[in-house]
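Position 219 (the sequence shown) corresponds to 1011 in this note's numbering; numbering is contiguous. Okay, structure first, notes after.
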Amino acid sequence: MTQGQEMYQWACELFPITRSITGPGVRETLHYFKNILPDLKIHEVPTGYNAFDWEVPKEWEIKEAYIENENGQRLIDFDNNNLHVVGYSVPIDKWIPKEELLNYIYTLPEQPDAIPYVTSYYKERWGFCMTHNQKETLKEGKYHVVIKSSLKKGVLNYADLVIPGKTDKEILFSTYICHPSMANNELSGPVLATALANYLTKQKDLRYTYRFVFVPETIGSIVYLSKHINQLKEKVIAGFVLTCVGDERVWSFMPSRKDGTMTDKVSRYVLEDNAIDYKDYSFLQRGSDERQYCSPKVDLPVASIMRSKYGTYLEYHTSDDNLELITPTGLEESFNIYQKVIQVIENNFKPIVSFPCEPQLGKRGLYPDLSIKGGATYVKNMMDILAYSDGTLDLINLFRKTGVDFEEGFKIVNTLMKQGVISKIDI
């Protein structure tokens, strides 16, 4: 099984779970990931917990919901699609006429065959979602509306995993686990985070410490920051929000608020080094948890490499964001890009030559004594790298300057270091 196939299988198994910002669906999802990542720590904060300007709401749980006509026919049923109910709906069980029911039904007229995703976390209400075509078939008469849910004092759950490296400087990966059955906008992020964490736990001699965070979007990241803000501000040197990474369409990049951070620099470099044509967005077009991590009094260097950016693809926040939208190939390509991001961050430094003038490469076996097709290119790349190894350029800027791709350039640099021709200045 390929990495992409494994991630897709995880997404398929998680897809039916009813997630929200609180409740049993969140706990079930987090325990699923803990089975893969045994060191993942699951935490909770109680209803009413104050996180900066926010307060954790009541915990929501739903058991059953449907709309039934006078003939006892269920027109929509929560069991068939968990998007049919407005998230955080209060309980209801009553008969109402069609004209009143229409006030509680949400559709997308411009996408008549899709069920919209609608929530009301902080104002108590109830409602149903259906396709616009379904709504158009409703006949005059009375309808039995039933939502068996509860809003009560409980907890908000989140989880984190810290993988230690040689230094306590951290790379942050954050993803959210609060949307019900949506594949790209929801599950692609957590399954990628899990795959990356699983990969990193198997690596030896990591340079940096890696922190993985699984939270309900917005309120979860705010809660997490309220508990860790000082440590994160001191330790995090790069960070990413993992979301919308499962399709095979356009690549997208959301920079940090300040842009120009190491996160931004490495992300763009990896995309360009892999010849990826991508849409470079402005932070003014933000929409996920980078809003919290990059907010002025937090100001972490957090960005996001995505496929189709949230809010830009037709299926976003609808029932069409399903398991047909994401693919094993799309997931694996995203894994490979983030793996390369990690490799660049781990291996970046400033090289500096050891001698005045060009070093004698021939006596070290680094200069070919036989003319072979392709050999001249390798030697030119080596000499160009040496020419700019003055201790001021890190590998990213050095390889950009010389036009050498990272994989070849890193091999050349390693060879030169082993021969004592250049030395390393850590950054």
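All C-beta atoms in this analysis are idealised placements derived from N, C-alpha and C, irrespective of residue type, glycine included.
For W887, the CB contacts under 6 Å within the same chain, skipping 5 residues up- and downstream, are K934, H936 in chain order.
Within the segment 984-1036, the complete alpha helix (DSSP H) segments at least 4 residues long are 1011-1027, listed from N- to C-terminus. DSSP places N949 in the uninterrupted beta strand (DSSP E) bounded by 947-955. Counting only the Cα atoms, E916 lies some 9 Å from L943.
Straight-line measurement puts the Cα of I897 at about 7 Å from the Cα of M922.
The alpha-carbon of E1116 is positioned some 53 Å away from that of G1212.
For E798 and P1120, the gap between their C-alpha atoms comes out near 8 Å. Going by C-alpha positions, L1017 is about 8 Å away from L1024. In this structure, DSSP gives A843 an extended state, which the three-state scheme calls strand. Taking the Cα of V1042 as reference, the smallest distance to any Cα among D1182, F1004, Q865, Y1073 is reached at Y1073. When secondary structure is reduced to three states using DSSP, G1201 falls in the helix class. It is roughly 42 Å from the alpha-carbon of Y909 to the alpha-carbon of F1198. In this structure, the beta-carbon distance from V837 to I939 does not fall below 8 Å.
For A857, the enclosing beta strand (DSSP E) begins and ends at 851-860. Here the alpha carbon of T821 sits roughly 8 Å from the alpha carbon of R811.
Closest in alpha carbon position to I828, among S980, F1191, A987, is A987. The residue from L832, E978, N873 with its alpha-carbon nearest to that of I854 is N873.
Here the C-alpha atom of N1206 lies approximately 38 Å from the C-alpha atom of K833. Between L992 and L984, the CB-CB gap reaches or exceeds 8 Å.
Comparing alpha carbon positions, the residue from Y880, T1110, T1169 closest to P904 is T1110. Residue range 1054-1065 is occupied by the alpha helix (DSSP H) that includes V1058, with no beta strand (DSSP E) assigned at that position. The beta carbons of S966 and V1033 sit about 5 Å from each other, so the pair counts as a contact at 8 Å.
Taking a contact as a CB-CB distance under 8 Å, the pair K1142 and I1217 counts as one, their CB atoms being some 4 Å apart. Secondary structure of M1175 (DSSP, three-state): helix. For E928, the three-state secondary structure derived from DSSP is helix.
The beta carbon of M1209 is closer than 8 Å to those of P1143, S1215, K1216 in its chain, skipping five residues each way along the sequence. Separation of N977 and A951 (C-alpha to C-alpha, rounded to the nearest whole angstrom) is 19 Å. When the alpha-carbon of D960 is set against those of L979, A1030, E805, D845, the nearest one is in A1030. Membership of W802 in the alpha helix (DSSP H) is indicated by the continuous run 795-806. Spanning the alpha carbons of A989 and I809 requires a straight line of approximately 22 Å. Y1085 and L1076 do not touch by the CB rule: their CB atoms are close to 16 Å apart, not below 8 Å.
G817 and Y858 have their C-alpha atoms roughly 19 Å apart. Sequence-distant Cβ neighbours of T1035 in its own chain, meaning closer than 6 Å and more than five residues away, are G981, S1080. In its chain, beyond the 5 residues on either side, L1115 have a beta carbon closer than 7 Å to the beta carbon of C804. For V937, no alpha helix (DSSP H) run applies; the uninterrupted beta strand (DSSP E) run containing it begins and ends at 934-944, by DSSP. Scanning its chain for C-beta atoms nearer than 7 Å, with the 5 sequence neighbours on each side dropped, one finds around L1185 the residues K1142, K1193, in chain order.
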